[in-house]
Each structure stands twice: as structure tokens, then as C-alpha cells.
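Colleague: Per our numbering, the very first residue in the sequence shown carries number 5; after that it's consecutive.
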Amino acid sequence: MFTQIKTSRENREIVAQLTRRLNLGAENIIARMAYSYSLSKDRRLNLNDLADSGGKEYSRSVLFGDHDDVYIGLLCTHYTIYKTDKDLGKYVKLHIDDGLNLIDLELKKANNIDGFDFLVELISSNLSTSSDLFIEKLT
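#1: Rounded to the nearest angstrom, what separates Ile33 and Ser40 at their Cα positions?
#2: Could you give the distance in angstroms between the alpha-carbon of Ser65 and the alpha-carbon of Met37?
#3: How long is the line joining the alpha carbons of Glu110 and Asn116, rounded to whole angstroms?
#4: Check whether the region 89-96 touches the region 63-80, taking contact to mean three or more Cβ pairs, one atom from each stretch, closer than 8 Å.
#5: Mapping DSSP to helix, strand and coil, what is Ile33?
#6: State the CB to CB distance for the pair Leu43 and His82, rounded to an integer number of angstroms; the pair is presumed to be in contact (CB under 8 Å).
#7: Measure the C-alpha to C-alpha separation of Gln8 and Tyr62 and round it to an integer number of angstroms.
#8: Skipping 5 residues on each side, what residues in its chain have a beta carbon closer than 6 Å to that of Asn105?
#9: In chain order, what residues of the same chain lie with their CB nearer than 6 Å to the CB of Ser57, ignoring the 5 residues before and after it?
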């Protein structure tokens, strides 16, 4: 079981920039978004791609708050692992770093967007994709 997570050195500045630009709350909120966004891409990341740990440090309780079981459950379901898996913290780190990079790339494409508009756009595009997949399965 992990107690601390550190982002990569590169993502230390990215999380600070995203926090300022999106104005959605503290850095841990952006880290939660990044983690969830990365998991939503439905990709299995490779532990061999684990980046350095020279960035922002989060305790597990600060990172996931009162919903620790939900965030960990999502990861465990995604990788078909148990919550006591020795690599759980590494997977969390991978998805936070990945999500921060993904969100940073998205925002570089959309210069004049605030946090609320960014979230609405992501939700709308994912709902559209989900409904397309649902219709495809019906036909």
C-alpha cells in the first residue's frame, strides 16, 4: 500500500500551470482530474515507462480525499488487481503523470478556455463517444 505519490519533475510545473489556468481549486484537484482523465482513455500503461519522482508530492489522503476507495477501485478494476497489489502506487503515479500531459496537450490546442468550459467540453465529447459506441453495439 502506498502513502505518498510524486509526479515527475516535468509535471511539477505543468500541475502548477494547470491549477492557475483552470482555476478549479488546489493542485490536488487537478491531479485527481488528470488521474481520472488518463484512466478514461482505457489504456493500460506500462510500469517500465515510470518517470522520475522529482515533482509535486501528494499524500494519499490529500490526493484522493474521502473517496480513496473509489479512485483505487477504478484502478484495480482497470488493471484487474487487488487494492493491496505492490505496484498500486506506481500505477497511480503513471496515470497522474499521463493525465497531466494529456490535459496540458489539450489546453495547448485551446488557448482561450477556462476550467469550466474545459470540463464541459471533455464531458460532452466523452458522452458523444459513449453514445456512438452504444448505438454501434445496438446495430
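The beta-carbon is built from N, C-alpha and C at its ideal position, and this holds for glycine as well.
Modeller: The structure says:
#1: 11 Å
#2: 15 Å
#3: If I take the Cα positions, the gap works out to 12 Å.
#4: At 8 Å Cβ cutoff, the stretches touch.
#5: helix
#6: 6 Å
#7: Between the alpha carbons of Gln8 and Tyr62 lies a distance of about 6 Å.
#8: none
#9: Closer than 6 Å at Cβ, skipping near neighbours: Lys10.
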